[in-house]
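Numbering (my numbering), first residue to last: 679 to 1033.
Every residue gets a Cβ at the ideal spot worked out from N, C-alpha and C, and that includes glycine.
Quick caveat, the model's predicted, so the values are computed rather than measured.
Here the structure is laid out as structure tokens; the discussion comes afterwards.
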């Protein structure tokens, strides 16, 4: 089995899940390659507003496929098991080693490189919780306060706009790939040149500028404790690589790495609904798409929490009515806790430097 996926592909999480499942259940070899691509665009080196370098593009994916089929069907000697991209079972594109300058095509040079691995997830992964704090920071230090929380209002009539992400359709209103998380004429529902982080309904938690590179490669989850004034609401999370200001980007560049959503009524099960009791604290988890990215020295690791990401995800009316059959909408006051007994955090798959 030969699986091909991308970090910004709408089916990226399915690709890695299939690899993990098939590796355990079938006797034959399973190979996987993950690039920095959006769906079906393996021949491109740029996706959204970002360039990943010429090496990121696969000019002839059909030739790769023929190598695979010739080896297994015609018993020919090919690159399979001998040369890249088939030298090892897993080949990933590690994003983020570029210098951040603007290209002639007005793209951010995020860069990256190909690396061979033997498994997924990587055995040397150090799963590291980064905790949210009341001052808007996120760090490996657990919060010490006895009670600490932050509120935001989720308004279905004014949802947080989607700017890029793992999408494969919706062209014209839904941007694909990696984008600066700021509005503009290219964002149909956020035309003002204002960062999403400036919205009152987006909670921003970020590190201090990093003192060294941090590689994050693998599956990402956000574990949090929350209450709501509504019977049902959504919670969203987004991981962002924050570039510092530069000559080409005086306002910096807030690049989306991965995101996810939790609809509260499905917090316990994907098939059985369980509405919330307003004001009651619930423990929940948001699964973000897998990725491989180096957060470079001087950058910040940022997590944005909110109640919507539209039109990437449909808007929750916040009423608790049957989905797609609501007759009204209402604002929800949602609370995220970040104290010693409810230490909300993002769990990052950190790869040790030099490994």
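Start and end of the alpha helix (DSSP H) containing residue i?
i           : result
residue 741 : 739-750
residue 909 : That residue, residue 909, is in no alpha helix (DSSP H); it is neither H nor E in DSSP.
residue 688 : Segment: none, residue 688 is in no alpha helix (DSSP H) and carries neither H nor E.
With respect to the beta strand (DSSP E) encompassing residue i, which residues constitute its N-terminal and C-terminal limits?
i            : result
residue 1026 : 1023-1029
residue 1010 : 1010-1015
residue 830  : 827-832
residue 769  : 768-773
residue 960  : 960-973
residue 847  : Unbroken run through residue 847: none, as it is neither H nor E.
residue 950  : That residue, residue 950, is in no beta strand (DSSP E); it is neither H nor E in DSSP.
residue 795  : 790-795
residue 984  : 978-984
residue 883  : 881-884
Shortest alpha-carbon distance to residue i belongs to which of the options?
i           : options                : result
residue 737 : 724, 748 and 747       : 724
residue 744 : 925, 935 and 763       : 763
residue 881 : 986, 684 and 774       : 986
residue 719 : 709, 772 and 846       : 846
residue 951 : 727, 804 and 909       : 909
residue 797 : 1009, 695 and 927      : 695
residue 836 : 879, 849, 864 and 827  : 879
residue 699 : 681, 713 and 858       : 681
residue 927 : 702, 765, 731 and 785  : 785
residue 728 : 750, 697, 757 and 777  : 777
residue 862 : 853, 872 and 750       : 872
residue 965 : 868, 802, 774 and 896  : 896
residue 773 : 759, 767 and 788       : 788
residue 889 : 1031, 735, 748 and 851 : 1031
residue 840 : 827, 867, 820 and 821  : 867
residue 703 : 679, 685 and 857       : 679
residue 726 : 850, 692 and 767       : 850
residue 924 : 903, 941 and 779       : 779
residue 685 : 937, 960, 973 and 1033 : 937
residue 918 : 902, 962, 858 and 900  : 858
residue 886 : 815, 757 and 949       : 815
residue 731 : 781, 740 and 942       : 781
For residue i, which residues from the same chain have a beta carbon less than 7 Å from its beta carbon, with the 5 sequence-adjacent residues on both sides left out?
i           : result
residue 920 : 884, 930, 932, 977, 978 and 980
residue 877 : 838
residue 825 : 1017
residue 870 : 861
residue 734 : 713, 714, 723, 771 and 790
residue 765 : 794
By Cβ distance, which residues of its chain are closer than 8 Å to residue i, with the 5 residues on each side in sequence left out?
i            : result
residue 818  : 806, 807, 808 and 809
residue 1028 : 803, 804, 805, 806, 892, 893 and 894
Using three-state DSSP, classify residue i as helix, strand or coil.
i            : result
residue 926  : coil
residue 709  : strand
residue 1122 : Since the first and last residues shown for the chain are 679 and 1033, residue 1122 lies out of range.
residue 813  : coil
residue 754  : coil
residue 897  : strand
residue 919  : strand
residue 700  : helix
residue 874  : helix
residue 723  : coil
residue 783  : coil
residue 858  : strand
residue 942  : helix
residue 997  : coil
residue 734  : helix
residue 803  : coil
residue 905  : strand
Rounded C-beta distance between residue i and residue j? I'm assuming under 8 Å.
i            : j           : result
residue 955  : residue 830 : No, residue 955 and residue 830 are not in contact; Cβ-Cβ is about 20 Å, not under 8 Å.
residue 792  : residue 771 : 6 Å
residue 1038 : residue 911 : This structure gives no information on residue 1038, because the portion of the chain shown stretches from 679 to 1033.
residue 1025 : residue 898 : 7 Å
residue 1009 : residue 832 : 7 Å
residue 708  : residue 968 : Not a contact, Cβ separation roughly 16 Å.
Kindly list the residues whose CB is nearer than 6 Å to the CB of residue i, restricted to its own chain and excluding five residues on each side of it in sequence; keep chain order.
i            : result
residue 875  : 882
residue 991  : 939
residue 823  : 1017
residue 711  : 682, 763 and 769
residue 1004 : 995 and 997
residue 854  : 716 and 845
residue 957  : 905
residue 946  : 952
residue 754  : 748
residue 984  : 838, 879, 880 and 914
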